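**Student:** Under our numbering, the first residue of the sequence shown is numbered 2, with each subsequent residue one higher.
Using N, Cα and C, we set each Cβ at its ideal position, and we do this for glycine too.
Note that the coordinates shown come from a computational prediction; the quantities given were computed from them, not determined experimentally.
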Amino acid sequence: MPRYKLVQIQGIIKVYDNILIPDDLPKSIEWKEGRLYFLDQTLLPHHTIMEEQESAEQVYNSIKQLKVRGAPAIGVGAAYGLCVGVKNDLALSMADFKTRIKKQADYLNSARPTAVNLHWAMQRMVSHMEKSKATSTSDLYDEMVTEAQLIHNEDKKLSIGMAETGQHLIKEGMGIMTHCNAGSLATSILGTATAPLYLAHSKGLNFKVYANETRPLLQGARLTAWELQQSGIDVTLLTDNMAAHMMATGHIDMVIVGTDRVVANGDVANKIGTLGVAILAKYYDIPFYVACPSSTIDLATKTGKDIPIEERSGEEVKVIMGKTIAPANIQTRCPAFDVTPHSLVTGIVTETKLIQAPYGENIKLFMELKEKT
Ligand code: MRU
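In structure tokens form, the structure reads like this:
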């Protein structure tokens, strides 16, 4: 049986008390005594090592190499990373210190292109700096740390909100498919797609999760299967090419995935392979949900065609866990994400509500309402 502790969080959105959160969920990011640590997710599930991040270059590489990964976690990690990146510049004049902050924010922002949370977090940190009334660089630095901590705490509350919104979709005995890792590891707590699963499980509901392994980097096998198993959730690992068969044979009642960016018309980018799962779900008439916090919604981008898709090294296709599995010099492609058109999405689970079609209208309304509260 998993261990539980009672966590009471005074949410900005709603007071969530008596929510049972598994005690042993891994923390992807920690800020302790002015120092930043990332759980090195490339070593999971074999080693759980927190690695200290000592410079902007190290944070940039940790994001690029997927030591810290998943859209919300990248945003939180980069917000702290920006503080790390300017910590040794307090002797600069205020004007030069501010220029340095902007430069480091641009640099971190360039680590990965698809997850909009990275851009969102850097913009928020720079906008805080621009509005700051701090009169010394050390005061401004302290304010930046406070802002990063605020982003981190808000991210926890957003996950709890998605848990509350999404739990109603989960029914006793269901088979639920997920792709990649939109779990606790990809956020500050509970995850996005997994948040409703954790909450439903804590309330005693029985259901089965089917985690697609998610080639090329196996986030489903290494991360989702690991964290759900740790929490006592009934999880079964599948290779990606088993999805159609599992749907055709009646094992899957619902799909829920995370996303790196939802754009104005409701199209969603997520880990490569998601589009195939969504098309299959449509064919077999299985609801396909996407879970994300408002920080993943990008109204400035109109349609999925405009989302920048990260292309990664072909080595990730040719080499698995250090072993080459293809002929030398073979040509490869390695798009890390794909775009699922909104017509395939049954609903978007957010921190306050389930958004459904017409997406263009309803996403806009949701964001307007959020601005006002
Ligand atoms: O390349 P990754 O591992 O960062 O990709 C992560 C995903 O695609 C997740 O599904 C997405 O970021 C949502 S995380 C809550």
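Taking only runs that begin and end inside the region 262-323, name each unbroken alpha helix (DSSP H) of 4 or more residues, in chain order.
**Tutor:** 275-284, 316-319
**Student:** Would you kindly report the start and end of the unbroken alpha helix (DSSP H) that includes N118?
**Tutor:** Within the sequence shown, the letter at position 117 stands for residue 118. Counting along the chain, the unbroken alpha helix (DSSP H) around N118 starts and ends at 117-132.
**Student:** Using a Cβ-Cβ cutoff of less than 6 Å, which residues in the same chain neighbour A358 once the five nearest sequence positions on both sides are dropped?
**Tutor:** Position 357 of the sequence shown, counting from 1, holds the residue named residue 358. Hits under 6 Å: none found.
**Student:** Less than 6 Å between C-beta atoms, sequence neighbours within five positions excluded: which residues of the same chain meet that for L219?
**Tutor:** Sequence index remark: in the sequence shown, residue 219 carries index 218 (1-based). Contacts found: none.
**Student:** Pick from L44, C84, L26: whose alpha carbon is nearest that of L37?
**Tutor:** Taking the first residue of the sequence shown as 1, we reach residue 37 at position 36. Of the candidates L44, C84, L26, the one whose C-alpha sits nearest the C-alpha of L37 is C84.
**Student:** Grab me the residues of R427's own chain with a C-beta within less than 8 Å of its C-beta, minus the 5 sequence neighbours each way, in chain order.
**Tutor:** Residue 427 lies beyond the residue range present for the chain, which begins at 2 and ends at 374; the question has no answer from this structure.
**Student:** Within a Cβ cutoff of 6 Å, which residues of the same chain sit near I102, ignoring the five residues on either side of it in sequence?
**Tutor:** On the sequence shown, position 101 is the one that residue 102 refers to. V87, M130.
**Student:** Please confirm whether L170 and M255 have their CB atoms less than 8 Å apart.
**Tutor:** By one-based count along the sequence shown, residue 170 stands at place 169. By one-based count along the sequence shown, residue 255 stands at place 254. In this structure, M255 lies closer than 8 Å to L170 by Cβ.
**Student:** Of the choices T179, E52, S63, whose alpha-carbon is the least far from that of I273?
**Tutor:** Position 272 of the sequence shown, counted from the start, is the residue given in the question as residue 273. With distances taken between Cα atoms, I273 lies closest to T179.
**Student:** Examine chain B for any beta-carbon lying closer than 8 Å to the beta-carbon of R36, and answer yes or no.
**Tutor:** Among the chains in the structure shown there is no chain B, since it carries only a single protein chain.
**Student:** Where does T138 sit, in a helix, a strand or coil, going by DSSP?
**Tutor:** Looking up residue 138 in the sequence shown gives position 137. Looking at T138 - three-state DSSP - the assignment turns out to be helix.
**Student:** So M95 is in the alpha helix (DSSP H); what residue range does that whole segment cover?
**Tutor:** Within the sequence shown, numbered from 1, the residue matching residue 95 stands at position 94. Looking at the DSSP string, the run of the alpha helix (DSSP H) that includes M95 is 95-110.
**Student:** Please report the distance separating the alpha-carbon of H114 from that of G76.
**Tutor:** Taking the sequence shown and counting its residues from 1, the one referred to as residue 114 is at position 113. Taking the sequence shown and counting its residues from 1, the one referred to as residue 76 is at position 75. Correcting the residue type first, residue 114 is Pro in the shown sequence and not His. Rounded to whole angstroms, P114 to G76 spans 12 Å at the Cα level.
**Student:** Please work out which residues of its chain come closer than 8 Å, Cβ to Cβ, to K371, disregarding the five sequence neighbours upstream and downstream, and give them in chain order.
**Tutor:** In the sequence shown, the residue the question calls residue 371 occupies position 370. Apart from sequence neighbours up to five positions away, the residues of its chain that approach K371 with a beta-carbon distance below 8 Å are S295, T353, ordered along the chain.
**Student:** Using alpha carbons as the reference points, say which of V320, S56, K306, F338 lies closest to N330.
**Tutor:** Position 329 of the sequence shown, counting from 1, holds the residue named residue 330. The shortest Cα separation from N330 among V320, S56, K306, F338 belongs to V320.
**Student:** Can you check DSSP and say which residues form a bridge with H180?
**Tutor:** Sequence index remark: in the sequence shown, residue 180 carries index 179 (1-based). H180 pairs with N213.
**Student:** Let me know if S232 comes out buried or exposed under the rule of 16 or more other beta-carbons within 10 Å of its beta-carbon.
**Tutor:** Locating residue 232 in the sequence shown gives position 231, where the first residue counts as 1. Label assigned to S232: buried.
**Student:** Could you pull out every residue in the same chain whose Cβ sits closer than 7 Å to the Cβ of R70, ignoring the five residues on either side in sequence?
**Tutor:** Here residue 70 is taken as the residue at index 69 of the sequence shown, counted from 1. Correct list, in chain order: Q42, A187.
**Student:** Can you give the Cα-Cα distance for E173 and G323, rounded to whole angstroms?
**Tutor:** Taking the first residue of the sequence shown as 1, we reach residue 173 at position 172. Taking the first residue of the sequence shown as 1, we reach residue 323 at position 322. Approximately 41 Å between the Cα atoms of the pair.
**Student:** Please indicate yes or no: does the CB of T302 lie closer than 7 Å to some heavy atom of the ligand MRU?
**Tutor:** For the purposes of this step, residue 302 is identified with residue 301 of the sequence shown, where counting begins at 1. For the ligand MRU, not one heavy atom lies less than 7 Å from the Cβ of T302.
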